[in-house]
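Numbered by the UniProt record's numbering, the letters in the sequence shown go through residues 1 to 670 in order.
For glycine and all other residues, C-beta sits at the position ideal for the given N, C-alpha and C.
Everything numeric in this text was worked out from a predicted model, so none of it was measured.
Taking it in order: structure first as structure tokens, then the write-up.
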Amino acid sequence: MESPSKPDYAYKALNTKSSIRLLSNLKLSITGTEISCTLEEVDLDEEPKYDCLSYTWGDPLFQEHLTEKRIYDIKNTVNIDCNGQILAIGENLYDFLVQFCKNPGGEGDLQTQDRIWIDAVCMNQGDDIEKSFQIQMMSRIYNDAQGVVVWLGPERAEDRLQTAISVMERLQEIPPEKLKTAVISDLDNIDTYENLSMKPISPEEWIFFAGFILRAWFSRMWVVQETFFAKKFIVFCGSTIIPWSLITHASLALKETSLGKLLNERMDSVTEAPSTQSGYIGNKISNQFIFTNLKDAVSSLSLERLLTYTRYFGATQAEDRVFAVLNMWKPEWERTPEDREIVKFIVRNKYPAKKKRADLDPKLANLPSWVPDFSAPAVWTPLASAQSAPGGKNRWNAAKGLKFKLPDTLPDETDPPNLSRLRVIGCPVDEIVHSAATDLELIDKHQMFTLLEVLSQYLESAKPSGTPTADRFEAFWKTLIKDTFLERPAGSQPEARKAFPMIITSFVWSLDADIKVLQKAFENPRNTAKVQDPRLLEFSDIYSRTKLLVDELAALENSIIPSWEVIQQTIKLGNEQGFLPEDLDKNLENSMASFNSAYQCRKLFRTKKNLLGISAQSLIPGDQVWVLAGAAVPMVLRLKNKKWEFVGEAYVHGIMNGEAVGPVEDIYLE
């Protein structure tokens with residue numbers, strides 16, 4: 001756009017450690033296409049007035065459902081005049097600056113200040129040293145700003161933005177008491193909206209709303225920090241202002257109901273791209289609520305928990321997941337003698353605090369078993385994120401009283417194999433001898449009977465005198481929901497045990513329904529060749545095995561397993577009426593929600609000493625349960641070729657608060 005005779009913009013080094021650059025004097029040409037501006041240096045210590053921009057560098061739109069697509073290429077740039085020189089910027093940033101110039105400024109408008117900080121131009125992207133230092137300052141840059149301007153990208157007629165806003169307004173109107181209690185199963189069912197006490201949303205309206213929440217900004221890793229530290233911010237989509245509170249209320253509605261999950265399924269069918277994620281995890285607007293909700297609890301957030309939440313967002317570079325949340329972490333340090341000894345030890349051994357990236361194997365597939373891959377999508381709820389106990393204390397402390405001892409020397413930093421080993425101190429608890437099916441096997445292959453098989457073996461193997469049957473059933477049902485019901489300890493809620501039998505009923509109901517569908521297909525007059533789906537025999541056999549186990553276990557004193565007669569009565573009632581009575585339906589919803597939260601990507605296991613637990617679905621017989629110093633929950637480890645590997649965290653009933661701590665061993669995880 002500008003004359004090529006002008007030189008490219010040349011950055012000058014910043015004068016102080018607290019200096020930043022700000023974009024100012026933005027002007028748009030009469031033609032409405034050419035932009036001129038000034039880039040000036042200011043010192044944050046002098047408290048300058050400015051705003052910050054939060055946006056995405058690449059394509060800001062979700063265009064899967066659009067007929068007329070706009071092609072964004074991050075390599076394509078637009079030239080603007082900056083201090084009389086040529087500065088190349090991305091297309092989306094150019095769109096923003098054009099809109100920014102068109103606003104007169106003032107409170108409540110896009111341009112509240114006449115100066116703005118934008119990462120792509122205010123940091124010298126060609127200077128790695130400056131960029132690294134400025135990234136460390138970003139929490140202060142956003143915190144000191146008067147406000148943050150969120151740019152979601154341009155508004156196009158085909159986006160139907162006003163329709164998306166209307167949907168959010170309706171979601172915002174849902175009464176709080178309905179969020180977790182309303183029964184919903186279909187976006188197209190009028191009963192869904194009546195149960196939520198809200199105005200109906202049509203299929204077309206859902207699609208336009210999804211197109212809005214799937215814009216790239218909602219999944220961008222750096223927005224976590226940018227919105228977290230903002231004093232206030234204003235959200236713009238094209239020239240339209242959208243209240244942030246409207247977005248977060250809609251996020252809450254999707255999170256607390258089944259609407260987010262149902263919308264994911266709807267969008268999978270529209271885009272013909274099946275989701276590999278579950279629940280509302282793939283829903284970007286639900287993800288935004290995560291960090292909005294955590295803002296007030298920052299003092300109690302661990303770095304581990306913050307990093308776990310980064311799985312919900314996208315990042316171009318793996319290290320962005322750390323940098324984006326590091327400044328949100330506020331550790332509470334009390335300099336104990338142990339702390340001082342650790343520092344002395346590190347200094348004495350000259351162990352580097354940071355390794356060069358080139359020294360490390362960048363392939364995630366080659367990560368040691370104990371290193372979490374935060375680039376992998378989150379498809380389960382970490383046990384470490386379970387609700388705290390009353391008073392804000394950690395609910396579980398499996399390694400209670402177990403102290404970690406420093407070795408005399410650290411691994412040789414020049415020896416890569418040593419750097420991939422993690423020294424741990426812990427207590428071996430027991431060996432896993434039997435496990436049940438995974439969550440997907442329970443659903444797709446109707447393997448619920450494997451849970452009952454583990455229970456049956458557990459009851460047969462553990463009959464110490466003086467122990468009533470009820471206690472052993474308690475271990476079973478509490479393990480399957482990680483002793484958590486409606487996000488609170490299940491033991492303190494009598495309704496938790498009362499609701500649990502509906503889990504068994506639900507799985508039998510699903511099996512019964514699939515058998516009837518397959519039987520109907522076999523008996524269909526059009527099936528003249530009498531071809532039988534092999535699943536019919538398989539599921540019929542599973543049905544018989546399940547019934548035998550249910551009859552056996554339901555007959556025991558104080559059993560948690562409902563009788564076959566009760567199960568069939570419930571199924572018949574639901575099939576005939578199309579719904580269950582309110583009390584049964586509530587029990588079904590709450591119990592299955594608790595089960596799914598605990599069991600997703602995990603499976604039930606039993607140990608030699610008859611402990612019951614759930615852990616990673618990759619566990620196998622022969623794996624061992626350990627309690628490790630510093631770990632809040634037990635861990636499952638695997639001894640393979642004389643080397644220990646980490647399998648996953650575990651809930652093990654009866655040893656969640658130091659009960660299994662005993663003689664310790666010193667081992668290395670590979």
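Boundaries (first-last residue) of the beta strand (DSSP E) holding residue i
i, result
"residue 673", "In this structure the chain extends from 1 to 670, so residue 673 is not present and cannot be described."
"Gly147", "147 to 151"
"Pro501", "That residue, Pro501, is in no beta strand (DSSP E); its alpha helix (DSSP H) goes 501 to 523."
"Leu87", "85 to 90"
"Lys643", "643 to 652"
"Gly613", "612 to 616"
"Val625", "624 to 628"
Close-in-space but distant-in-sequence residues of the same chain around residue i (CB under 6 angstroms, 5 per side omitted)
i, result
"Gly622", "none"
"Gly466", "Because the pLDDT of Gly466 is 44, which lies under 50, any placement of that residue in the model is unreliable, and the number read from its coordinates should be weighed accordingly. Within the same chain, Gly466 has no close Cβ partners at all."
"Ala88", "Thr77, Asn79"
"Met168", "Leu246, Ala250"
"Met198", "Arg170, Glu173, Ile174"
"Thr609", "For clarity, residue 609 is Lys in the given sequence; the question names Thr instead. Result list for Lys609: Asp430, in chain order."
"Met1", "Here the model assigns Met1 a pLDDT of 47, short of 50, so the residue's position is not dependable, and the following value carries that caveat. Glu34, Asn79, listed in sequence order."
Which of helix, strand or coil DSSP assigns to residue i
i, result
"Ser24", "strand"
"Cys601", "coil"
"Pro176", "helix"
"Ser54", "strand"
"residue 757", "With the chain represented from 1 up to 670, any question about residue 757 goes unanswered, as that position is not in the structure."
"Pro203", "helix"
"Val347", "Note that Val347 scores a pLDDT of 46, beneath 50, so its modelled location is shaky; the value from the coordinates is reported in the next line. If DSSP states are grouped into helix, strand and coil, Val347 belongs with the helices."
"Gly108", "Caution applies to Gly108, whose pLDDT of 48 falls short of 50 and renders its modelled position unreliable; the value that the coordinates give is listed next. In this structure, Gly108 counts as coil in the three-state DSSP scheme."
"Asp43", "strand"
"Leu93", "helix"
"Thr607", "strand"
"Ile425", "strand"
"Phe236", "strand"
"Thr276", "Below a pLDDT of 50, predicted positions are generally treated as unreliable, and Thr276, at 38, falls in that range; the measurement from the model is reported next regardless. In this structure, Thr276 counts as coil in the three-state DSSP scheme."
"Pro489", "strand"
"Thr248", "helix"
"Glu265", "helix"
Among the options, the one whose alpha carbon lies nearest that of residue i
i, options, result
"Thr163", "Gln577, Glu204, Arg215", "Glu204"
"Leu537", "Asn527, Leu548, Phe522", "Phe522"
"Ala399", "Tyr55, Gln134, Glu659", "Glu659"
Contact set for residue i: own chain, Cβ-Cβ below 7 angstroms, skip 5 residues either direction
i, result
"Thr607", "Asp430, Glu431, Ile432, Val433, Val625"
"Pro663", "Cys427"
"Tyr50", "Leu22, Gln113, Arg115, Ile116, Trp117, Ala145, Gln146"
"residue 700", "Since the first and last residues shown for the chain are 1 and 670, residue 700 lies out of range."
"Glu670", "Pro368, Ser369, Ser420, Arg421, Lys643, Trp644, Glu645"
"Leu455", "Phe476, Leu553"
Beta-carbon proximity check, residue i vs residue j, cutoff 7 angstroms
i, j, result
"Ser594", "Phe485", "yes"
"Leu161", "Thr240", "yes"
"Ser591", "Met502", "yes"
"Lys383", "Glu649", "Before going further, note that residue 383 is Leu rather than Lys in the sequence given. Yes, the pair counts as a contact, with Cβ atoms nearer than the cut-off."
"Leu171", "Ala210", "no"
"Phe404", "Ala629", "yes"
"Leu604", "Leu442", "no"
"Val652", "Pro634", "yes"
"Ile560", "Trp477", "yes"
"Gly238", "Glu158", "no"
"Ile571", "Asp512", "yes"
"Lys6", "Ile86", "yes"
"Val661", "Val636", "no"
"Cys101", "Leu26", "yes"
"residue 673", "Ser139", "This structure does not reach residue 673, given that the chain is present from 1 up to 670, and the question cannot be answered."
"Phe62", "Leu252", "no"
"Ser24", "Thr33", "no"
Continuous alpha helix (DSSP H) stretch holding residue i: start and end
i, result
"Asp551", "534 to 554"
"Asp444", "439 to 444"
"Asp666", "Looking at the DSSP string, Asp666 is not in any alpha helix (DSSP H); the run it does join, the beta strand (DSSP E), is 665 to 669."
"Glu34", "Glu34 -> no alpha helix (DSSP H), and no H or E assigned at all."
"Asn79", "Per DSSP, Asn79 belongs to no alpha helix (DSSP H); it is in the beta strand (DSSP E), 77 to 82."
Same chain only: Cβ atoms within 8 angstroms of residue i, ignoring 5 sequence neighbours per side
i, result
"Val235", "Val150, Leu152, Ile241, Ile242, Pro243, Trp244, Ile247"
"Tyr458", "Arg472, Ala475, Phe476, Arg606, Asn610, Leu612"
"Leu14", "Ile20, Arg21, Glu41, Glu130"
"Met448", "Ala437, Leu442, Ile504, Phe507, Val508, Leu511, Thr546"
"Asp514", "His446, Arg535, Phe539"
"Trp206", "Val167, Leu187, Leu263, Arg266"
heavy atom of the ligand ATP below 6 angstroms from residue i C-beta
i, result
"Val98", "The model on display carries no ligand, and the ligand ATP is accordingly not part of it."
C-beta neighbour in chain B for residue i, strict 7 angstroms
i, result
"Leu61", "Here there is only one protein chain, and chain B is not present."
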